[in-house]
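Numbering (the numbering used here), first residue to last: 599 to 753.
Note that CB positions come from ideal geometry on N, CA and C, so glycine has one too.
Below you'll find the structure, written out as C-alpha cells, and then a few comments.
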C-alpha cells in the first residue's frame, strides 16, 4: 500500500544537521514513528517527499531551515523580569527552562541572556535555523481505524 492522505504510516528515521551531527534516530531505539498522513504530525515538506512510498522503501530527504523548523527569529526573544524565574534556578546562557503559558500550555524556552533584573528567553524551536537531512525507511502503511480518523492521529 502506498502512502496517501489519511493512511497510517510507520517509519524509521535518522535526522542530521549539516555538520553531520545526529539529532534524532528511531533506528537506534527500534521504535518507528507512526502518524496519520495529512494531519500535521510531521513536517509538511517531509510528508510531501514521502508520498507514494511503500513499505521497505528508503529515501534521503534534505530540508532547508525554512522548510524544516523555520529560520531563527529574533522576534521570538522575550524579556521577562528576573523575579518571574524561581530563585532556586541557577541561570546559564543556553539553558532550557520549562514553564507554563497563561493558557496552561507547557512551553520550553532557552535562556538567551540575563542580568540581575531581566532574563531574555528564546522561544524559537531548538532546530530553528538548521537545515536537516532525514534518512527514512517506511516500515508499514495501513488504513486507519475509525477512532484514529476521528481523533486525527495514529494510536
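- For residue 689, no alpha helix (DSSP H) encloses it, and the DSSP letter there is neither H nor E.
- Taken through DSSP and simplified to helix, strand or coil, residue 665 comes out as helix.
- Here residue 720 is buried, its C-beta having at least 16 other C-beta atoms within 10 Å.
- In this structure the region 629 to 647 does not touch the region 683 to 693; the number of beta carbon pairs closer than 8 angstroms is below three.
- With 16 or more neighbouring CB atoms inside 10 Å of its own CB, residue 601 falls in the buried class.
- DSSP assignment within the region 672 to 752 yields the following whole beta strand (DSSP E) runs of 3 residues or more, N-terminal first: 675 to 679, 694 to 698, 704 to 712, 716 to 720, 730 to 740.
- Within the model, the alpha-carbon separation for residue 673 versus residue 718 is close to 12 angstroms.
- In the structure shown, residue 615 falls within a strand segment according to DSSP collapsed to helix, strand and coil.
- CA-CA distance, residue 741 to residue 667, rounds to 29 angstroms.
- By the Cβ neighbour-count rule, residue 736 is buried, with 16 or more other Cβ atoms within 10 Å of its own.
- If the five residues before and after residue 670 are omitted, its C-beta is found closer than 6 angstroms to the C-beta atoms of 722, 726, 727, all from its own chain and listed in chain order.
- Excluding five sequence positions before and after residue 658, the CB atoms of its chain that fall closer than 6 angstroms to its own CB belong to 733, given in chain order.
- Beyond the five residues adjoining it in sequence on each side, residue 653 comes within less than 7 angstroms, by CB distance, of 736, 737, 738, 739 in the same chain, given in chain order.
- In its chain, beyond the 5 residues on either side, 613, 661, 666 have a beta carbon closer than 6 angstroms to the beta carbon of residue 730.
- A residue is called buried once 16 or more other Cβ atoms fall within 10 Å of its Cβ, and residue 645 is buried on that count.
- In the assembly as shown, residue 752 is a buried residue. Its beta-carbon has 16 or more other beta-carbons within 10 Å.
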